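Under full-length UniProt numbering, the first residue of the sequence shown carries the number 1, and numbering increases by one thereafter.
Have a look at the structure below before the remarks.
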Amino acid sequence: MAQIGLFFGSDEGNTEAVAYRIQARFGADRLDVHDVADVTVLDFEDYDVIMLGISTWDFGQIQSDWEDFWGDISAVDFTGKTVALFGLGDQFGYGDFFLDAMGMLHDVVVENGANIVGHWPTTGYDFDASKALVPGQAKFVGLAIDQDQQENLTCERLNRWCQQVHTALGFDGALSPLDD
Ligand SMILES: Cc1cc2nc3c(=O)[nH]c(=O)nc-3n(C[C@H](O)[C@H](O)[C@H](O)COP(=O)(O)O)c2cc1C
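Structure follows, in structure tokens:
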């Protein structure tokens with residue numbers, strides 16, 4: 001069992017691919033990847049450090065597997081757990097709902113006691129509204145990935161965010177940036 005448990009939900013594979021790119025940076029010995037479609041609440045109890053990946057669909061809605069799991073995740077006690085979130089969405093076309101699901105998932109785990117790391121600046125994104133913003137700050141509650149429209153920025157964003165989270169978790173040394 002690795003130290004970090006990453007749980008993702010993905011309709012068309014974008015969030016899943018990002019999950020494995022995060023694992024490639026931290027290492028499979030340190031980070032386990034789980035599809036939320038295949039887990040129970042018990043799987044969350046195995047980890048003190050958790051990453052959550054979610055995409056937004058249909059004008060501000062939660063990704064379908066996360067939606068099915070919503071009652072379960074709402075019952076998980078995150079007290080004493082550190083959580084980092086990442087969200088997938090399209091800023092052009094859904095700019096009034098950009099990454100809303102990440103904000104909704106964030107609110108659930110914070111309500112249940114999670115300590116959040118991995119806030120991410122809004123610089124470089126163009127959108128009108130998002131539920132994934134930190135109130136009063138130009139930051140998202142987690143990493144923002146627009147794989148459909150800013151694919152060329154994903155690699156560098158992943159390198160920077162993974163290092164940021166690695167440092168916030170108190171791990172020694174630096175991660176090796178990847179060119180993927
Ligand atoms: C019909 C449709 C609705 C979408 N609605 C939103 C939305 O409300 N907000 C957003 O940020 N992205 C939205 N998106 C973009 C998806 O979140 C994006 O394609 C994401 O990369 C999908 O990730 P997944 O394959 O892991 O589910 C939508 C895409 C489609 C095709």
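Here a beta-carbon is modelled for each residue, glycine too, at the ideal position from N, C-alpha and C.
Note that the structure is a prediction, hence the values are computed from the model and not measured.
| query | result |
| --- | --- |
| Beta-bridge partners of M51, as assigned by DSSP | L6 and A84 |
| beta-carbon F97 near ligand 1 non-hydrogen atom, thresh 6 Å | yes |
| Proximity test, W70 beta-carbon vs ligand 1 heavy atom, cut-off 6 Å | no |
| Per-residue burial, A75 [other beta carbons within 10 Å of its own, 16 or more giving buried] | exposed |
| Helix, strand or coil at V141 according to DSSP, with G and I counted as helix | coil |
| For Q164, the three-state DSSP class (helix, strand or coil) | helix |
| Cβ-based burial, M51 [other Cβ within 10 Å; buried from 16] | buried |
| T154 (DSSP reduced to helix, strand or coil) | helix |
| Other residues of its chain near W161: CB distance less than 7 Å, five sequence neighbours each side excluded | G118, W120 and L143 |
| 7 Å Cβ cutoff met for Q91 and F140 | no |
| Y27 burial status per 10 Å Cβ neighbour count (16 or more: buried) | The question names Tyr, but residue 27 in the sequence shown is Gly. Under this definition G27 is an exposed residue. |
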